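Positions 2 to 180 (this note's numbering) are the ones given, in order, by the sequence shown. Below is one structure; the comments refer to it alone.
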Amino acid sequence: MSLEVRPRATSDLPALAAALIKVHDHDKYPVEGVADPLAWLTPDRLLAAWTALVDGRPIGQATLARAGAEDDAARIWQQHTGRDIDQLAIPARLFVDPDHRHQRAGLFLLHEVQAFARDHHLAIAFDVMLKDHAAIRLYETLGCVRIGTITHTHSHGQAEPAAVYATPDSAPHRETPRA
Ligand SMILES: CC(C)(COP(=O)(O)OP(=O)(O)OC[C@H]1O[C@@H](n2cnc3c(N)ncnc32)[C@H](O)[C@@H]1OP(=O)(O)O)[C@@H](O)C(=O)NCCC(=O)NCCS
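Below is the structure:
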C-alpha cells in the first residue's frame, strides 16, 4: 500500500465526491449534508487543494481558502490577534475515506496546508464541530490552539457547538478560561 499526498487535480473530483458521501454516512460530516458534493469540494476564495491517494486512488483531501469577513473563525481570530483578515487563510473540507483512516493521510494533508500558508505568509484559523473528535485530536497533535468557541447554525436551523483553532504561530495566546 502506498500513500501519497499531492496538489488536487480536477480528475480527482469524482472519486473524492464518492468518498465524501461515505464520510457523510459515517461521520455526519459535513453537517449541512452532501446534496452537491462537487460544489462543496470547491469552496469560494479557494487558494489550494490537496489529494491523498492510496495506490493511486484518491481517498481524502483538504483545501485552503482566503478568509472572508463572514467567516466565524476569521472574526474570532481577528478579535484575538488584532490582525487584518487579509493575512488569514482558512483550511476546510478535510476528510479521509473511513476505509483508509489511521494511516496519517489526515496528518500529511494538514502538513501541506501548513507549508502552503507558511510559504505565502498567511496565518491559519478554522472552526471544527465539537462532535468531530478525531479531527480535534489531529489538530491538537499538530499544536493548534483553541482560541474560541461558537455555535454553528446550519441550513436546517440546527445549532452545533464548534471550536475555533489556530496554528500556534497564527495565534500566540490560548482561549482565556472563563472564571
Ligand atoms: C479527521 C480525519 C480527516 C483524520 O484522518 P486520518 O487519515 O485518519 O488521520 P491520521 O491517520 O493522520 O490520524 C488519525 C489517527 O490515526 C493515528 N495514526 C496515524 N498513523 C498511524 C499508524 N501508522 N499507526 C497507528 N495509528 C496511527 C493517529 O495517531 C491518530 O490517532 P487518534 O485519532 O487516536 O488521535 C478523519 O477522521 C475524517 O475524515 N473525519 C471526518 C471528517 C472530519 O471530521 N473532518 C474535519 C472537519 S474540521
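Virtual Cβ for every residue (Gly too), placed ideally from N, Cα, C. As the structure is a prediction and not an experimental result, all values here were calculated from the model.
Check	Outcome
Does the contact criterion of 3 or more C-beta pairs under 8 Å hold for the region 59-67 versus the region 76-83?	no
Could you tell me the distance, in whole angstroms, from the CA atom of Asp-98 to the CA atom of Pro-31?	13 Å
Under 7 Å: does the beta carbon of Val-24 sit that close to some heavy atom of ligand 1?	yes
For ligand 1, which residues have a Cβ under 6 Å from at least one heavy atom, in chain order?	Val-24, Asp-28, Tyr-30, Leu-95, Phe-96, Val-97, Arg-102, His-103, Gln-104, Arg-105, Ala-106, Gly-107, Leu-108, Val-129, Asp-133, Ala-135, Ala-136, Arg-138 and Leu-139
Quick one, are the C-beta atoms of Leu-42 and Leu-14 less than 8 Å apart?	yes
Does the Cβ of Ala-180 have 16 or more other Cβ atoms within 10 Å, making it buried, or fewer, making it exposed?	Its pLDDT being 47, under 50, Ala-180 is placed unreliably in this model, and the value from its coordinates should be taken loosely. Exposed, because fewer than 16 other Cβ atoms sit within 10 Å of the Cβ of Ala-180.
So, with DSSP's three-state summary, where would you put Thr-43?	coil
Would you identify the three-state DSSP class for Tyr-166, choosing helix, strand or coil?	strand
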